[in-house]
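The sequence shown begins at 1 in the UniProt record's numbering and counts up by one.
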Amino acid sequence: MRLKTYIVLSYITLAACKPTTGSHTALLQDTGSWPASFHIGRRATLAEINALDIDIRPDGKGLPPGQGNALSGQTIYTAKCAACHGTGTAAMNVQLPGPALMNDSAGANRKKLRTIGNYWPYATTIFDYIRRSMPYNAPGTLTPDEVYSITAYLLYANRIIDQQTMMNAASLPAVEMPAKKLFIADDRQGGPEIR
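In structure tokens:
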């Protein structure tokens, strides 16, 4: 009997929550008497907006000054990244908190593991992701030189660049990623959502 009472009460409660037809229009009209501004806070300055504008486009627009290569990147990676991401595919039989970032296997096995070398379409987005969200326990703490170095090391470890290649705002966008040809630009305008 108690269960039936709860079911009936639940139904009544849900029925009461359903808005009547046209009530959403009435709710919008209720705000007509509100002031244009509640005078809380202030407008952000251009400097404040620019400080938050840290996105980096595939063409490299937004990359900061700085540079780094795989030699310096390996040291930084070992200290700040390897605990979560490992040092290569050979150690991937151990469950790590983060995904593998490099693929040192050859042949058909190389395609099985999705890593930076066989799945990312643009090298600049590697820099962008590392800068924004790594290391996991202290995101945003790496300097631009450290991020360029780690990016260079990951590109080198995935056999995309040489160990001595210097990565900077000019050279990073020029890196041709192997997986770029696997991605199709979504250039639809109107029409169905799915091709």
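For glycine and all other residues, C-beta sits at the position ideal for the given N, C-alpha and C. Note that this is a predicted model, so its numbers are computed, not measured.
Item: Thinking L52 and T124 are a contact (beta carbons under 8 Å), I'd like their distance in whole angstroms, please.; Value: Going by Cβ atoms, the distance from L52 to T124 rounds to 19 Å, so no, they are not a contact pair.
Item: In the DSSP assignment, what residue or residues form a beta bridge with N69?; Value: DSSP lists no partner for N69.
Item: Between the C-alpha atoms of I161 and I40, what's the straight-line distance to the nearest angstrom?; Value: 51 Å
Item: Tell me M167's beta-bridge partners as DSSP assigns them.; Value: G68
Item: Can you tell me which of Y122, Y153 and T141 puts its alpha carbon nearest to the alpha carbon of M177?; Value: Y122
Item: Would you grab the beta carbon distance between G68 and A152 for me? Rounded to a whole angstrom, and I think it's under 8 Å.; Value: 5 Å
Item: Residue range of the alpha helix (DSSP H) that P121 falls in?; Value: Neither: P121 is in no alpha helix (DSSP H) and is coded neither H nor E.
Item: Measure how close the beta-carbons of D145 and I56 come, nearest whole angstrom, since I'm counting them as under 8 Å.; Value: With a Cβ gap of about 15 Å, D145 and I56 do not count as contacting.
Item: How would you call R114, buried or exposed, if buried means at least 16 neighbouring beta carbons within 10 angstroms?; Value: exposed
Item: Note down the Cα distance separating D132 from K180, rounded to an integer number of angstroms.; Value: One detail in the question is off: residue 132 reads as Arg in this sequence, not Asp. Their Cα atoms are separated by approximately 22 Å.
Item: Taking only three categories from DSSP, how would you classify T115?; Value: coil
Item: As a quick exercise: from M134, P135, I130 and L101, pick the residue whose alpha carbon is nearest that of Y119.; Value: L101
Item: Near I76, which residues of its chain fall below 6 Å by C-beta distance, leaving aside the five closest residues on each side in sequence?; Value: E146, S149 and I150
Item: Using the three-state DSSP reduction, which class does G32 fall into: helix, strand or coil?; Value: helix
Item: Roughly how many angstroms lie between the CA atoms of W34 and R43, to the nearest whole one?; Value: 20 Å
Item: Is it right to say I49 is buried, meaning 16 or more other beta carbons lie within 10 angstroms of its own, or is it exposed?; Value: exposed
Item: Is it buried or exposed for P70, if we count other Cβ within 10 angstroms and need 16 for buried?; Value: Rather than Pro, the amino acid found at residue 70 in this sequence is Ala. It is buried - the Cβ of A70 has at least 16 other Cβ atoms within 10 Å.
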